[in-house]
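In our numbering, the protein residues as written are 102 to 156. Yeah, the Cβ is synthetic: ideal placement off N, Cα and C, and Gly gets one too.
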């Protein structure tokens, strides 16, 4: 599976917090599931375009 998140951007967004190395994999999996769900909703509505409302 391709990485969907940018580790440097996550680290920057979390400012002064420490980030466990396995956090990135867990976050990547959550994002992957979110995208899969959005794609299914778009398809269920006969669309090929995923829109914000699919989230």
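> Does DSSP put residue 142 in a helix, a strand or coil?
Replying inline: Numbered from its first residue, the chain shown carries residue 142 at position 41. Residue 142: helix per DSSP, three-state reduction.
> With DSSP run on the structure shown, which of helix, strand or coil describes residue 171?
Replying inline: Lying before the first or after the last residue shown, residue 171 is absent from the chain, which here runs from 102 to 156.
> If you draw a straight line from the alpha carbon of residue 125 to that of residue 151, how long is it in whole angstroms?
Replying inline: For the purposes of this step, residue 125 is taken as the residue at position 24 of the chain shown. For the purposes of this step, residue 151 is taken as the residue at position 50 of the chain shown. Per the coordinates, the alpha-carbon of residue 125 lies some 24 Å from the alpha-carbon of residue 151.
> Tell me which same chain residues have a C-beta within less than 8 Å of the C-beta of residue 135, skipping the five on either side of it?
Replying inline: As a working note, residue 135 is residue 34 in the chain shown. The beta carbon of residue 135 is closer than 8 Å to those of 156 in its chain, skipping five residues each way along the sequence.
> Nearest to residue 104 by alpha carbon, out of 114, 127, 117?
Replying inline: Residue mapping note: residue 104 aligns to position 3 of the chain shown, counting from 1. Ranking 114, 127, 117 by CA distance to the CA of residue 104 puts 127 first.
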